[in-house]
Amino acid sequence: MLAFSSAPSVLISTIPGGSSRFGVFAAGIIFSLLCAFIFLELIYLYMPNKKMSFKVTWCGALIAACILEVFIILFPLYVRTFMGNYTGQIGFAVILLLFFYYFAIIIILGAQINAFFFDNYQPLLDGLGTYLSEMHEEYGVDHPRRPLCEENVETRSYTS
């Protein structure tokens, strides 16, 4: 992504009179956003084990690409502010692991957006406790505090 964002600055600097700082910055952002969108779109189209279409994957790829661009712009600021005490090789390893962790979170966020549009996967409307309580009622468990398990497992008697 960094190579893609620096490519427009090289191209714009070859144009006579076209080397304004803001123009180079804006062109780098737009070009990098486009490349990130294409990269993430290819991941979301070809990596799942289901046949996906552009119609359901473009939204997740676009949102993930925008978040990735903001992340790439703000990550050096975060490193300079909060990671100043790490030095040398260990500091580089920590920063690199942190970068890839957040990068993976962004990719998963885009995939969850695509799952919402493709499979109509709805997030839980109520809390997890309400969902589990409804599952107990739906599957006919006789006592609400009894765990969902196999029938041949001995259970203790619960008193209310």
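At position 95 of the sequence shown the residue is numbered 95 (our numbering), and the sequence of numbers has no breaks.
Here a beta-carbon is modelled for each residue, glycine too, at the ideal position from N, C-alpha and C.
* Out of curiosity, what's the CA-to-CA distance linking Lys50 and Tyr101? -> Within the sequence shown, numbered from 1, the residue matching residue 50 stands at position 50. Within the sequence shown, numbered from 1, the residue matching residue 101 stands at position 101. Between Lys50 and Tyr101, the C-alpha separation is close to 26 Å.
* To do: Identify which residue in Ile30, Gly23, Ile63 has its Cα closest to the Cα of Cys107.
  => On the sequence shown, residue 107 is found 107 positions in, with the first residue counted as 1. At residue 107 the sequence reads Ile, which differs from the Cys that was named. Cα-wise, what sits closest to Ile107 is Ile63.
* Can you list, in chain order, the stretches of the alpha helix (DSSP H) that have 4 or more residues and sit fully within the segment 34–115? -> 54–82
* For Thr57, count neighbouring Cβ atoms within 10 angstroms of its own Cβ and tell me buried if that reaches 16, exposed if not. => As a position in the sequence shown, residue 57 is number 57, starting the count at 1. Buried, since its Cβ has 16 or more Cβ neighbours within 10 Å.
* **DSSP three-state assignment for Ser20, whether helix, strand or coil** => Counted from its first residue, the sequence shown places residue 20 at position 20. In this structure, Ser20 counts as coil in the three-state DSSP scheme.
* **Whole-Å CB distance - Leu77 paired with Ala36, under 8 Å assumed** => If you number the sequence shown from 1, residue 77 lands on position 77. If you number the sequence shown from 1, residue 36 lands on position 36. No, Leu77 and Ala36 are not in contact; Cβ-Cβ is about 19 Å, not under 8 Å.
* Would you mind working out which of Glu138, Asp119, Glu134 sits nearest Ser53, comparing C-alpha positions? => Along the sequence shown, one-based indexing puts residue 53 at 53. Nearest of Glu138, Asp119, Glu134 to Ser53, Cα basis: Asp119.
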